[in-house]
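Take a look at the structure set out below.
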Amino acid sequence: MNKLIDDVKSWFDIRKLDTAVVGFSGGIDSATTAALCHAAGIETHIISVIAPNQKLSSYYDPRDFSEIYENITYHIASIDLPKCAVISDDNIFFMEMTDPAKEAALPILRNACFYSLAASLRYDGKQSIVVGTANFDE
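Going by the working numbering, 78 is the number at position 78 of the sequence shown; the sequence numbering is gapless.
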């Protein structure tokens, strides 16, 4: 385990990075990623992105991480996808998104939230990067 933690620390050091942003679902993959970054002494920000009628995995509660680990900060973002703007010629109209369209859009919007948080941390002088397991949806 110490070698893995040393490798994570080394990876951040070589790239002159000091902050990790982890998309946190509450599952074992994101929890492990956050815990490894913490153990390596990396400032860690976990972000959960919630859509309407969506729940986090119940395996790990992200609030527990920010209470247990000193250098982990918890963020939450909410996405609502009721309508889509369609631009055609000189007209703009809005249409209700179908459930399949909403499902397809969520991973893209989740990633936009992760990278927006990383960019805002860089604006504050942090050398941040989005880290995680990148499942097939993302």
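Cβ atoms here follow ideal geometry from the backbone N, Cα and C, with glycine treated the same way.
Specify the secondary structure class of Ile129 as computed by DSSP and reduced to three states. Reduced to three states, the DSSP call for Ile129 is strand.
Have a look at Gly27 and Ser78 and give me their C-alpha separation to the nearest angstrom. Annotation: Gly27 to Ser78 spans about 18 Å, alpha carbon to alpha carbon.
Tyr74 - DSSP class collapsed to helix/strand/coil: Here Tyr74 carries a strand assignment [DSSP, helix/strand/coil].
Could you round the C-beta distance between Ile5 and Ala40 to whole angstroms and report it? I think they count as a contact, below 8 Å. Approximately 5 Å separates the beta-carbon atoms of Ile5 and Ala40; this is inside 8 Å, confirming the contact.
Within the continuous alpha helix (DSSP H) that includes Ser30, where are the two ends? For Ser30, the enclosing alpha helix (DSSP H) begins and ends at Ile28 to Ala39.
Under 9 Å, do Asn47 and Tyr74 count as touching if we go by C-beta distance? Residue identity differs from the one stated: residue 47 is Ile in this sequence, not Asn. It is a contact, given that the beta carbons lie within the stated cut-off.
Which of the three DSSP states, helix, strand or coil, is assigned to Phe94? In this structure, Phe94 counts as strand in the three-state DSSP scheme.
For the segment 16-34 against the segment 104-122, do three or more pairs of beta-carbon atoms, one drawn from each stretch, fall closer than 8 Å, so that the two count as touching? They touch, by the three-pair rule.
Which residues in the same chain have their Cβ closer than 7 Å to the Cβ of Ala85, if we skip the five residues on either side of it in sequence? Ile92 and Phe94, listed in sequence order.
Under the assumption that Leu109 contacts Met97 (Cβ atoms under 8 Å), give the Cβ distance between them as a whole number of angstroms. The beta-carbon separation of Leu109 and Met97, rounded to 12 Å, does not stay under the 8 Å limit for a contact.
In terms of alpha-carbon separation, which member of Ser10, Ser25 and Val49 lies closest to Cys37? Closest in alpha carbon position to Cys37, among Ser10, Ser25 and Val49, is Ser10.
9 Å Cβ cutoff met for Thr44 and Ala34: Yes, Cβ-Cβ distance for Thr44 and Ala34 is below 9 Å.
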